[in-house]
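Report on one structure; see the data block that follows.
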Amino acid sequence: MTRKMSQLFEEKRTVHVLYEYENMQNYIEQVVRFIEEGISVGDFVILIENDPVYHMIKKELDNRLTNDQLEYVHRVNNFDFYFSSGSYHPPAIVQYFNKVVQPYVDKELPFRSWAHVEWSSLEGPLHIIEDFERIVDKAVHQYSFPLICAYEKKLMPNHLKTLLMETHPYVLSEDEFIESQQYRPKKHA
């Protein structure tokens, strides 16, 4: 079953999405659409992004949003986010994420998040990424928010793609969300 972004997020707040992007222009358009749609429904947006790409996104947002609307966007440097402990360490990343979202949770403010995961910079076995994505999937359910995890397609070996399809219940393809038939939620005790 396919859905548009606004339709999916209206139906569910708890949405964990894999986005495999192929070119930067489409990537920028998807991020900007995600932000605009979020702001239009009153969501704050946590954007986990690198400096060069963020500047391109910001340029687009400056042309489309008012200063008041821009206040809804909270940018986190993705290098700081993923390597806050000095290496790609899921517990440290989760701790950093919890610190970022806590003000929204405390004030009961709706939020959504977009995370640019730069696979080429990740050093470590795939089980670490699987562990992290499963922890993130649990957090999405705990805090009830939409999250899109963006990975560059050409940097994804097949075994990583399979792992990501198993840890994300939805996949963003062009402008539609498709339910992942490979998704396997981990049962928590």
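Take the numbering used here: the last position of the sequence shown gets the number 269, and nothing is skipped along the way.
We treat Cβ as the ideally placed atom computed from N, Cα and C, and that holds for glycine.
TODO: Would you tell me roughly how many angstroms separate the C-alpha atoms of S253 and K233, rounded to the nearest one?
DONE: 12 Å
TODO: Going by CA-CA distance only, name the one from T146, Y231, T242 and L240 that's closest to N106.
DONE: Y231
Task: For Y231, three-class secondary structure by DSSP - done: Secondary structure of Y231 (DSSP, three-state): strand.
Task: Any 3 or more C-beta pairs closer than 8 Å across the region 236–250 and the region 208–223 - done: yes
- [ ] Inspect the beta-carbon positions of V111 and E100 and report whether they are closer than 9 Å.
- [x] no
Task: Residue of Y134, L240 and Q87 minimising C-alpha distance to E213 - done: L240
Task: Contact set for P265: own chain, Cβ-Cβ below 6 Å, skip 5 residues either direction - done: none
Task: Proximity winner among R113, Y223 and V174, relative to E140 (alpha-carbon distances) - done: That would be R113, whose Cα lies nearest to the Cα of E140.
Task: DSSP-derived helix/strand/coil call for F225 - done: coil
Task: F191 - partner residues in DSSP beta bridges - done: F124
Task: Residues that DSSP places opposite S253 in a beta bridge - done: E256
TODO: Quick one: using the 10 Å Cβ neighbour count with 16 as the cut-off for buried, is E259 buried or exposed?
DONE: exposed
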